[in-house]
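Notes follow once the structure below has been shown.
In full-length UniProt numbering, the protein residues as written are 1 to 430.
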């Protein structure tokens with residue numbers, strides 16, 4: 001495959017393979033696994049542990065992701081504002097301090113102890129409990145998105161990159177979008193957001209055609225993706241543009257669309273406090289994590305009926321991620337449908353209500369409840385210290401690694417038609 005057609009996770013695999021092809025004495029991983037699926041992450045850490053000789057590398061993994069790491073570390077260093085807070089050595093075989101509560105829960109508690117987010121903007125006392133947040137008593141009814149007969153390939157003769165036979169996403173749902181690297185998750189979100197035209201299949205959002213009625217849908221649909229980050233890098237190159245300036249412009253634009261200015265101001269204050277955004281700092285001087293927080297605050301300023309989140313929490317620490325999930329839970333409680341694409345499952349068991357599972361090798365995606373997904377996971381899928389959702393996701397990925405059953409695939413002529421581009425489609429005015 002051409003490199004340009006690879007997903008972010010697949011590109012990360014290529015980068016890691018190139019960097020690790022030669023033996024190393026020291027391996028430094030700086031948030032290098034956030035866009036890898038669970039099994040690929042496990043395979044990477046297993047590879048780094050296989051050399052038990054005296055020449056085995058020392059591996060330092062800087063991360064906010066603790067899925068599947070329960071039995072991996074021999075040492076843990078906890079830093080805060082440039083200072084060492086804790087150091088744990090469990091290399092001698094003693095039970096690790098996280099054996100009872102789990103690694104994620106223990107680290108989350110550590111973060112709360114030192115005063116909230118890494119920049120101290122949000123104290124632990126102010127942290128919303130995203131697991132038990134109250135939703136609206138009246139649950140919305142109906143569907144937010146309907147997908148029928150979706151077939152997508154990146155070019156003529158290419159295999160199907162995305163297939164969904166029939167899925168209805170309910171209003172007010174909190175839906176996890178799961179699947180291995182290259183399953184078409186980002187592609188699906190761009191289709192739902194009206195950013196990508198598909199010639200084969202019907203995709204309707206809020207009763208309108210996702211692409212052709214994009215102008216009508218745009219004020220009601222929010223998508224958070226890595227594309228905005230690249231745009232900001234271009235906008236701020238050589239300039240001193242601040243978050244406050246962008247926020248002011250975004251509020252003026254939203255007001256002209258009919259949104260209440262007082263409502264917008266209240267949301268902006270909450271988002272800035274929740275994410276620890278510093279309004280006066282030039283965006284070009286911010287770290288990846290702080291730039292991501294600025295993006296999230298700006299993108300969530302306007303209330304939306306459909307919120308599409310494409311792995312934007314990778315640069316956030318544990319408490320910032322929890323605060324964002326609390327906000328998204330509140331949005332769903334007010335009737336918004338949230339589709340959250342991620343490979344980071346820490347703390348999501350009580351958050352998600354549905355799983356939209358995408359599959360590779362020409363198999364169709366499907367929507368199922370979290371309870372059903374966990375129940376379907378085979379025995380033994382749940383590793384020590386892991387959650388039920390983690391075990392279910394791991395089992396799904398393992399199943400996707402197997403060859404498809406004959407009944408799971410489209411007839412050869414149907415798959416070829418999808419890859420050829422299919423029927424003509426008109427572009428919308430404007």
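Ideal placement from N, C-alpha and C gives every residue a C-beta, glycine not left out.
Find the nearest neighbour of residue i within the set the options, judged by alpha-carbon distance.
{"i": "residue 86", "options": "243, 77 and 93", "result": "77"}
{"i": "residue 266", "options": "256, 301, 248 and 250", "result": "301"}
{"i": "residue 113", "options": "15, 178 and 318", "result": "318"}
{"i": "residue 94", "options": "73, 298 and 55", "result": "73"}
{"i": "residue 149", "options": "401, 366, 374 and 372", "result": "366"}
{"i": "residue 440", "options": "303, 296, 298 and 280", "result": "The question about residue 440 has no answer, for the chain in this structure spans 1 to 430."}
{"i": "residue 64", "options": "360, 354, 372 and 344", "result": "344"}
{"i": "residue 403", "options": "372, 361, 369 and 141", "result": "361"}
{"i": "residue 353", "options": "373, 84, 8 and 299", "result": "373"}
{"i": "residue 58", "options": "91, 396 and 178", "result": "91"}
{"i": "residue 334", "options": "108, 283, 324 and 306", "result": "306"}
{"i": "residue 330", "options": "179, 172 and 37", "result": "172"}
{"i": "residue 1", "options": "279, 158 and 316", "result": "158"}
{"i": "residue 312", "options": "227, 370 and 50", "result": "227"}
{"i": "residue 396", "options": "37, 249 and 13", "result": "37"}
{"i": "residue 297", "options": "324, 314 and 394", "result": "324"}
{"i": "residue 295", "options": "247, 255, 263 and 264", "result": "247"}
Can you give the Cα-Cα distance for residue i and residue j, rounded to whole angstroms?
{"i": "residue 328", "j": "residue 286", "result": "24 Å"}
{"i": "residue 308", "j": "residue 351", "result": "16 Å"}
{"i": "residue 35", "j": "residue 187", "result": "15 Å"}
{"i": "residue 438", "j": "residue 6", "result": "Given that the chain is displayed from residue 1 to residue 430, the structure contains no residue 438 and the question cannot be resolved."}
{"i": "residue 207", "j": "residue 337", "result": "14 Å"}
{"i": "residue 144", "j": "residue 163", "result": "19 Å"}
{"i": "residue 253", "j": "residue 225", "result": "20 Å"}
{"i": "residue 176", "j": "residue 340", "result": "5 Å"}
{"i": "residue 322", "j": "residue 349", "result": "12 Å"}
{"i": "residue 332", "j": "residue 174", "result": "7 Å"}
{"i": "residue 20", "j": "residue 68", "result": "21 Å"}
{"i": "residue 141", "j": "residue 56", "result": "57 Å"}
{"i": "residue 81", "j": "residue 161", "result": "43 Å"}
{"i": "residue 33", "j": "residue 84", "result": "23 Å"}
{"i": "residue 39", "j": "residue 10", "result": "13 Å"}
{"i": "residue 346", "j": "residue 355", "result": "15 Å"}
{"i": "residue 154", "j": "residue 3", "result": "12 Å"}
{"i": "residue 47", "j": "residue 24", "result": "13 Å"}
{"i": "residue 279", "j": "residue 193", "result": "28 Å"}
{"i": "residue 108", "j": "residue 251", "result": "33 Å"}
{"i": "residue 357", "j": "residue 288", "result": "29 Å"}
{"i": "residue 282", "j": "residue 31", "result": "24 Å"}
{"i": "residue 42", "j": "residue 66", "result": "11 Å"}
Leaving aside the five residues before and after residue i along the sequence, list all residues of the same chain whose C-beta is less than 6 Å from its C-beta, in chain order.
{"i": "residue 146", "result": "168 and 204"}
{"i": "residue 431", "result": "The structure shown does not extend to residue 431, since the chain is modelled only from 1 through 430, so no value can be given for it."}
{"i": "residue 166", "result": "148"}
{"i": "residue 219", "result": "257"}
{"i": "residue 368", "result": "355"}
{"i": "residue 310", "result": "186, 189, 225 and 341"}
{"i": "residue 75", "result": "89"}
{"i": "residue 8", "result": "35"}
For residue i, which residues of its own chain have a beta-carbon under 7 Å away from its beta-carbon, when the five flanking residues on both sides are left out?
{"i": "residue 190", "result": "196"}
{"i": "residue 125", "result": "Any reading at residue 125 must be qualified, since the residue scores a pLDDT of 32, below 50, and its modelled position is unreliable; no value is offered."}
{"i": "residue 359", "result": "179, 183, 365 and 400"}
{"i": "residue 371", "result": "none"}
Could you have a look at residue i and say whether DSSP puts it in helix, strand or coil?
{"i": "residue 436", "result": "The shown model of the chain, from 1 to 430, leaves out residue 436, and the question about it has no answer."}
{"i": "residue 354", "result": "strand"}
{"i": "residue 120", "result": "Low local confidence applies: a pLDDT of 38 at residue 120 is under 50, so the model's placement there is unreliable, and no value is given."}
{"i": "residue 243", "result": "helix"}
{"i": "residue 293", "result": "helix"}
{"i": "residue 149", "result": "strand"}
{"i": "residue 209", "result": "strand"}
{"i": "residue 18", "result": "helix"}
{"i": "residue 136", "result": "Annotation note: pLDDT 46 at residue 136 (below 50); position unreliable, no value reported."}
{"i": "residue 368", "result": "strand"}
{"i": "residue 8", "result": "helix"}
{"i": "residue 214", "result": "helix"}
{"i": "residue 183", "result": "coil"}
{"i": "residue 26", "result": "strand"}
{"i": "residue 253", "result": "helix"}
{"i": "residue 177", "result": "strand"}
{"i": "residue 394", "result": "helix"}
{"i": "residue 315", "result": "coil"}
{"i": "residue 109", "result": "helix"}
{"i": "residue 83", "result": "strand"}
{"i": "residue 222", "result": "strand"}
Skipping 5 residues on each side, what residues in its chain have a beta carbon closer than 8 Å to that of residue i?
{"i": "residue 60", "result": "26, 27, 28 and 29"}
{"i": "residue 201", "result": "147, 148, 149, 150, 151, 152 and 164"}
Flag residue i as yes if its beta-carbon sits less than 9 Å from any beta-carbon of chain B, otherwise no.
{"i": "residue 270", "result": "Given the protein chain composition of this structure (a single chain), no chain B is represented."}
Indicate, with yes or no, if the ligand GDP has a heavy atom lying under 8 Å from the CB of residue i.
{"i": "residue 371", "result": "With respect to the ligand GDP, the structure offers nothing, as it holds no ligand at all."}
Meets three-Cβ-pair contact criterion under 8 Å: the stretch 240 to 254 and the stretch 271 to 287: Under the 8 Å Cβ criterion, the stretch 240 to 254 counts as touching the stretch 271 to 287, having at least three qualifying pairs.
Sufficient close CB pairs (3 or more, under 8 Å) joining the stretch 203 to 220 to the stretch 385 to 404: Short answer: they don't touch.
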